[in-house]
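A short worksheet on the structure shown next.
Structure, rendered in structure tokens:
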């Protein structure tokens, strides 16, 4: 029996959960990261687990698009696992609908609370609070592994009920309309050293270098990998990010988040 974990990650939270879940499952596992370099059109497995961060109460654009194209010839059980820093709202319901619309066997959805990284809206959680989240993550993943490992079905976790569905319905369409162009508003300060790391960690391939400076295209996913992983914090999104801390999951190394790494 084989289980494939398909992961979209920016600053490492979802990759950390995927690795922990893969280690806890009793069967053979494989982790595939979605990016412009890895966009599988067919996956053969007994179970497929789709792991993603919640963006504006819904799915990352790349995950949403991929689900409209991928084929699962072996009719696997399909699960979803969301990481979220703020509100989950109806993201799980969205994934369920997307999976069932394709005729796949939706089998359950889970959620793991992790530190949020949207520093244009809020500051990074304090270290003590982050550590509590990490401890809880380990417990949550073990419980998820018990369900998926046994091939059991599970419901969809959401929060705020009808209000959460309303928030997803109002906010997510605006996100999808503008997200690919969102990096056009980013600013690069003179602290930039031209190291090119931002071009390597961008899962969308949306950044390239001109005259030793990053240039942003119109394929942004809004993951903030470039902003958080820049070694000199020279990428800014609005007036507040310069004074706010940067974050990446501490057990995931920066070089493991480049699109050239395997997992």
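Residue numbers (our numbering): 1012 to 1274. For each residue, glycine too, the CB sits at the ideal point set by N, CA and C.
query, result
"Taking the C-alpha atoms as reference points, what is the distance between residue 1231 and residue 1258?", "19 Å"
"Excluding the 5 residues flanking residue 1127 on each side, which residues of the same chain have their C-beta closer than 6 Å to its C-beta?", "1096, 1097"
"Less than 6 Å between C-beta atoms, sequence neighbours within five positions excluded: which residues of the same chain meet that for residue 1053?", "1082"
"For residue 1012 and residue 1041, which I take to be in contact (beta-carbon distance under 8 Å), what is that distance rounded to the nearest angstrom?", "Going by Cβ atoms, the distance from residue 1012 to residue 1041 rounds to 12 Å, so no, they are not a contact pair."
"Under DSSP, the alpha helix (DSSP H) around residue 1108 begins and ends at which residues?", "1102-1112"
"Using the Cβ count rule (16 or more neighbours within 10 Å means buried), how would you classify residue 1229?", "exposed"
"Return the chain-ordered list of same chain residues with a C-beta closer than 7 Å to the C-beta of residue 1208, the five sequence neighbours on each side being excluded.", "1240, 1241, 1242"
"Taking the continuous alpha helix (DSSP H) assigned at residue 1159, which residues delimit it?", "1138-1160"
"Report the three-state DSSP secondary structure of residue 1131 (helix, strand or coil).", "coil"
"With a threshold of 6 Å on Cβ separation, who are the neighbours of residue 1186 within its own chain once the five nearest residues in sequence on each side are excluded?", "1067"
"To which residues of the same chain is residue 1265 closer than 6 Å at the C-beta, ignoring the five residues directly before and after it?", "1240"
"Can you name, in chain order, every residue of its own chain whose Cβ lies under 7 Å from the Cβ of residue 1158, other than the five neighbours on each side?", "1119, 1165"
"Output the residue ranges of the beta strand (DSSP E) runs that lie fully inside the segment 1165-1250 and measure 3 residues or longer, sorted by chain position.", "1218-1221, 1224-1227"
"Give me, in chain order, the residues of the same chain whose beta-carbon lies closer than 6 Å to that of residue 1030; leave out the 5 immediate sequence neighbours on both sides.", "none"
"Out of 1078, 1071, 1270, 1210, which one is the CA nearest neighbour of residue 1117?", "1078"
"Checking the sheet assignment: what are the DSSP bridge partners for residue 1064?", "1094"
"I want to know whether the segment 1245-1255 touches the segment 1190-1206 - three or more CB-CB distances under 8 Å.", "yes"
"Could you name the residues of the same chain whose beta carbon sits closer than 6 Å to that of residue 1160, not counting the 5 residues immediately before and after it, in chain order?", "1036, 1037"
"Just tell me which of 1137, 1254, 1210 has its CA closest to the CA of residue 1048.", "1210"
"Going by DSSP, which residues form a beta bridge with residue 1121?", "1092"
"If I follow the unbroken beta strand (DSSP E) through residue 1040, where does it start and stop?", "1039-1044"
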